[in-house]
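J.: Residue numbers (my numbering): 73 to 152. Cβ atoms here follow ideal geometry from the backbone N, Cα and C, with glycine treated the same way. Encoded as structure tokens, here's the structure I'll be asking about.
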């Protein structure tokens, strides 16, 4: 996977340190939902059973560079 410098900086925050690379790959490859933002970035979500939460991954326009990752407490599946 490719990452932005922003992601590499943010992944060390205490609330994101436990997010595993395998989970990010799962969201990128098998999202339950995808939304393209007005700026071209792509939001994808997937349920992570181990965490019992939805993980949101934001990709750049190329669809493969990870820009941001976090557990989305407001997402309930199909309600982006």
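Taking a contact to mean a Cβ-Cβ separation below 8 Å, would you say residue 143 touches residue 123 in this structure?
T.: Against a cut-off of 8 Å, the Cβ pair of residue 123 and residue 143 comes out as a contact.
J.: Look at residue 96 and residue 115 and say whether their C-beta atoms are less than 8 Å apart.
T.: Contact: no.
J.: From the DSSP output, in three-state form, read off residue 122 for me.
T.: The answer is coil: DSSP assigns residue 122 none of H, G, I, E or B.
J.: So the alpha helix (DSSP H) residue 94 belongs to, where does it begin and stop?
T.: Start and end: 93 to 101.
J.: Expressed to the nearest angstrom, what Euclidean distance is found between the alpha-carbon atoms of residue 137 and residue 83?
T.: Those two C-alpha atoms are separated by around 14 Å.
J.: Report yes if the C-beta distance between residue 127 and residue 104 is below 8 Å; otherwise report no.
T.: No; because the gap between Cβ atoms is not below 8 Å, this pair is not in contact.
J.: Between residue 145 and residue 125, what straight-line distance do the alpha-carbon atoms span, to the nearest angstrom?
T.: C-alpha separation (whole angstroms): 7 Å.
J.: Which first and last residues belong to the alpha helix (DSSP H) in which residue 77 is found?
T.: Run containing residue 77: 77 to 82, per the alpha helix (DSSP H) assignment.
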